[in-house]
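The block underneath contains the structure these notes are about, expressed in structure tokens.
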Amino acid sequence: MKKEDLSALLVFILLFLFFPLVTNNTYALTVGVFSGINALVAIGLCILMGYAGQVSLGQAGFYGIGAYVSSILSVYAGFPVVMSALCGMAVAAVAALILAVPALRLKGHYLAVATLGFGEIIYVILNEWGPGGPSGFGDIPHFGFFGYDITSTKGYFYLIWSVVAAAMFFSINLLKSGTGRTLRAIHDSEQACSAMGLNVAAIKIKVFVLSAVYASLAGSLYAHYVTFISPSSFSLFYSLLVLMMVIVGGITNVWGAIVGAVAITVLPELLRKFEELDVLVYGLILTLSLMFFRKGLVPIAIEKIRKLKGFVVAKH
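All the letters of the sequence shown, read from the start, carry residue numbers 284 to 599 under the working numbering.
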């Protein structure tokens, strides 16, 4: 890991450690919890799309698999919550593997449609055959470690953002390794990578499974935080929302996933004062950001900082 990446990660860790100490507002902490959950899904999608160049509109399906598998095993089978979450990740990984083998032969909008169809199939299954059907089910236990259950919003804030920090540490190291360089090469030209002897299909499948595991873990965290789930939380709308997070934050930089997730999660809460017009204002802001900040917030910020450093160095 490069020095600047390590510095950014340390600053990020300090921010989430000190945020609950700065505010005792439960509402702010709750928004922070959901921002962290969304960030975890967005990180996986950013790696898949921004680095490997594979489009996916099915992240809500993996998100729902993690939530439902973990909840069902902990409620009906009596599994410990951590074990239930791991089982959810395993099921999501298998589902991603089954989907990836045929789907990743497709490209562009064809791949998008295939993953969209997968997400809709999972939604229908949860709606028709999931516990409680469309109404969902509750009494889902909280996460617990060593006999201690996490029930407070502050506890979940620390838990979820610690998981996000761990995911970022792993992701940054992955993307700075030979595998990361291979992913960027695949993004630029699959034909060239194949000509160099790389197993492009296997690499694409692995990164697709990784993004599914991230989404599944986020789904488990969501389910055991809110203690009630229903299919409506795992519809196509959520997949599009995560896609918007990645695009707004900056699809070419994994830090953009976190910035975009926080921005898109917090923005609707800030617009509630507009009452009936909040959806209109929300859509207008997103449209303008896509028109004038096409690279995303993080890449633009990095570009400005580099220009400022160059100006300062040149001046002295």
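All C-beta atoms, glycine included, are put in the ideal place defined by N, C-alpha and C.
Where residue i sits in the DSSP three-state scheme
| i | result |
| --- | --- |
| Phe420 | strand |
| Phe428 | strand |
| Ile433 | coil |
| Ile547 | helix |
| Thr535 | coil |
| Thr398 | helix |
| Gly341 | coil |
| Asn410 | helix |
| Ala360 | coil |
| Asn456 | helix |
| Leu389 | coil |
| Leu481 | coil |
| Lys578 | coil |
| Ala335 | coil |
| Gly502 | helix |
| Gly415 | coil |
Beta carbon of residue i nearer than 8 Å to that of residue j
| i | j | result |
| --- | --- | --- |
| Tyr439 | Tyr351 | no |
| Met372 | Val496 | yes |
| Ile488 | Leu387 | yes |
| Phe345 | Ala375 | yes |
| Leu500 | Leu292 | no |
| Met332 | Val545 | no |
| Gly413 | Pro514 | yes |
| Ile512 | Gly319 | no |
| Met451 | Ile326 | yes |
| Thr436 | Val316 | yes |
| Leu554 | Val564 | yes |
| Gly347 | Gly502 | yes |
| Val492 | Ala379 | yes |
| Ala395 | Val338 | yes |
| Tyr359 | Leu458 | no |
| Ile296 | Ala448 | yes |
Bridge partner(s) assigned by DSSP for residue i
| i | result |
| --- | --- |
| Ile512 | Phe420 |
Terminal residues of the alpha helix (DSSP H) in which residue i lies
| i | result |
| --- | --- |
| Thr570 | Asp561 to Phe575 |
| Leu526 | Leu519 to Gly532 |
| Thr462 | Gly461 to Asp471 |
| Leu328 | Thr309 to Cys329 |
| Pro385 | Val364 to Ala386 |
| Lys286 | Lys286 to Val305 |
For residue j and residue i, believed in contact at Cβ under 8 Å, the rounded distance
| i | j | result |
| --- | --- | --- |
| Ile423 | Thr510 | 4 Å |
| Phe402 | Leu519 | Checking the sequence, you will find Gly at residue 402 rather than Phe. Indeed, because the Cβ distance is near 6 Å, the residues count as touching under 8 Å. |
| Gly533 | Pro582 | 4 Å |
| Gly341 | Ser522 | 6 Å |
| Val549 | Val314 | 6 Å |
| Met527 | Leu571 | Actually they do not touch by this definition, with Cβ atoms about 13 Å apart. |
| Val537 | Ile486 | That belief does not hold up - the Cβ atoms of Val537 and Ile486 are roughly 17 Å apart, past 8 Å. |
| Leu389 | Ala383 | Not really, about 11 Å apart at Cβ, beyond 8 Å. |
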